Every structure is written in structure tokens, then in C-alpha cells.
Amino acid sequence: MLNSSMMMEYLLVGFSDIWELRVLHALSFSLIYLVTLTGNILIVIVTTVNKSLHSPMYFFLRNLSFLDACYISVTVPNSCVNSLLDSSVISKAGCVTQVFLVVFFAYVEMLFLTFMAHDRYVAICQPLHYPVIMNPQVCVHMTLASILSGLVYSGFHTGITFRLPFCQSNVIHQFFCDIPSLLKLSCSDTFSNEVIILASGLVIGGGYFIFIIRSYIHIFSTVLRFPIGADRAKAFSTCVPHILLVLVFLVSSFSLYLRPSAISATNQDMVLSVFYSIIPPLFNPVIYSLRNEQIKHAIRKIILRRFVL
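In this note's numbering, the protein residues as written are 19 to 327.
Shown next, in the form of C-alpha cells:
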């Protein structure tokens, strides 16, 4: 039997073995990737160039957009190339890198979403204290803390995953390397790994989700005191999509990562992985930024300056 030290490459399972469907998958994923990359990079440029957008809220938007551009680049381009070339091979080093980066970006994504919910809570519920609570130094420290803790968290989970012997097979039933799929390939007891994933997922993911919900409960209770009109409608139209996106992100990732490895892999797993690895980077620019009047005004200003002058 081959163990992890001898297994130097893995085989990723695509969405279909039919050539036409593989081309359709590659084209649709390529389109999603280009739209996501364009939207997020545009927000990074706009919030960097326009000095009126140098506030804590847009600081986190810029960081989230940059993170999303990196997040989707870990999985989608490789999947598209594999579909077009009918190749499913990924090296062990590439698999380790994908696992590390997917866990890292997902962890930091959740932290940034939490910071943004806290930013909205302070701005709406404690507006007089906003400049003190959300000052630039605090925002930078929060970002650095999320990156450093993400590196530790991702490094730990990647390490305990690849210390396992893999001798069942080298076929990963997923379009990228992820921890649940790798645990199914191990010929040793993965109970401790599953307990660690379950505990960390519930404590960290559940804790952040409770914090986000708590922030929005305070926001909604404050907004309901506003006079009925545009301000109340705007607040609800902004906050509700945030909560729905966080729910999609958490439910899909929990469904995969908190499930026992004994359950066999299905095509449903690949669909669920799309919801936590592709959907958030795709819709974050729309929900958090492109519906924002200041962002849209700044984009129009840059476009006019670029093509008119």
C-alpha cells in the first residue's frame, strides 16, 4: 500500500467525463473567474485611488476584495485548465498548497465579514464613538491579527492532515484538494482529525456567526427606530444580503467539513464546495460595494477620466 510519503501526486475528479460538458464547465468557470477578478480588482483600485473612500469601511472592503481575488484564483483556474486538457493530475506539493490556501482564505474571509459587520454596528448604533473605536490603527491591527492567526490556523490543519498515511487511493472526489476529501483517502484512524475540525469549526465559525448576528440584531433594532423612509429601506437592503451570504458560506462549508469522513463522496460535495469557494468572491463585490452609491460614483469618475480626457 502506498503511504503519503510515496504518493507524490493525486487525481482530481472533474464535473463530467463528457467532452462537451467539460468545455461548458471550463467556459462557465472562466467567465465567473473573469467577472469576479474584474469586480474585485476594480474595487481595490477605486478604494485606493479615491481619497474620499479612505475610511474604515472601505479599508475592509478593499482588503476583502483583494482577498476574494486571491481566494478564487486558488481553485478555479486550475479546474478550468484540467477540464480543457482532460488532465486531473495534481502534485503533492500543489495539493498541500491548495489545502493551505483554501483554509487560510476561508478563515480570513470569515474574519473580514465579522469586522465589516462590527464596523456597520458601530457606525449605526454608536456613531459618536465611531472615529475612536474604528480608527485606522485599530483597523490595521485587526487585519494583521486576522492574517497571522489565519496562517497559524491553516498551517495547523494542513499539517495534521498530511501527517496521515494515504493508502486507500490517490483519487480525490473534488475539483480541488480539500481536507474532507483527503480524510476519506486515509487508511488510518481520522477520528482525532474530525474532532479537531468539528471543534474548531463550531468554536471559530460558530462564534463569528453569533457575533455577526448579534451585530445585525442591534443594527435592526436601531434602524427600526428610524422614521419610515429611504434610510430604513437602505439599511435593510444592505444588511439582509450580508447575512444571506454569510449563511451560504457557513452552511456549505459546515456541510462538508463537519461531516464524518466515513460518508462517501458524491457530486453534491462538489456543488457545496462551489458555494463556499466561488459564490462569496463572486457576489461580495455586488453586495458590499457595487450597490454603494459612493463606489459607483467613484467608478464613473475614473471611467470618465480615463476615456474622456
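Don't be surprised by glycine CBs; every beta carbon is placed ideally from N, CA and C.
All figures in this text were calculated on a predicted structure; none of them were measured in a lab.
Using 10 angstroms around the beta-carbon of residue i, count the other beta-carbons present and answer buried if the total reaches 16, otherwise exposed.
i      : result
Pro298 : buried
Asn21  : Per-residue confidence for Asn21 stands at a pLDDT of 46, beneath the threshold of 50, marking its modelled position as unreliable; the derived number appears in the next sentence. Exposed is the call here.
Asp35  : exposed
Phe184 : buried
Met19  : Caution applies to Met19, whose pLDDT of 43 falls short of 50 and renders its modelled position unreliable; the model cannot decide the point.
Lys314 : exposed
Ile235 : exposed
Met153 : According to the sequence provided, residue 153 is Asn. The question's Met does not apply to it. With fewer than 16 other Cβ atoms within 10 Å, it is exposed.
Phe209 : exposed
Measure the Cβ-Cβ separation of residue i and residue j and say whether it is below 7 Å.
i      : j      : result
Leu391 : Thr54  : Nothing can be reported for residue 391, as the shown portion of the chain is limited to 19 through 327.
Ala316 : Val62  : no
Asn68  : Asp86  : no
Phe78  : Phe133 : yes
Ser233 : Ala135 : yes
Ile142 : Ile237 : yes
Leu203 : Ser187 : yes
Report the partner residues of residue i according to the DSSP bridge assignment.
i      : result
Tyr51  : DSSP lists no partner for Tyr51.
Val189 : Leu29
Ser46  : Ser46 pairs with nothing; no bridge assigned.
Ser204 : Phe184
In whole angstroms, what separates the C-alpha of residue i from that of residue j?
i      : j      : result
Asp104 : Val114 : 22 Å
Ile296 : Ser273 : 16 Å
Gln312 : Phe123 : 27 Å
Asn310 : Tyr226 : 25 Å
Ile178 : Val117 : 12 Å
Ser23  : Leu265 : Confidence in Ser23 is poor, its pLDDT being 46 and thus under 50, which makes the residue's placement unreliable; the coordinate value appears in the next sentence. Their Cα atoms are separated by approximately 38 Å.
Val269 : Leu220 : 12 Å
Glu27  : His72  : 45 Å
Val41  : Leu52  : 16 Å
Trp37  : Ile90  : 24 Å
Looking at chain C, is there any beta carbon in it that lies within less than 7 Å of the beta carbon of residue i?
i     : result
Lys69 : Of the chains in the structure shown, none is chain C; there is only one protein chain.
Any heavy atom of the ligand NAD closer than 6 Å to the Cβ of residue i?
i     : result
Trp37 : As far as ligands go, the structure on display features none, and thus does not contain the ligand NAD.
Notebook entry, point to check: Going along the chain, which unbroken runs of the alpha helix (DSSP H) with 4 or more residues stay wholly within the stretch 71-112?
Noted result: 74-103
Margin query: What ranges does the beta strand (DSSP E) occupy inside the stretch 124-174, keeping only unbroken runs of at least 3 residues that lie completely in it?
Written below: none
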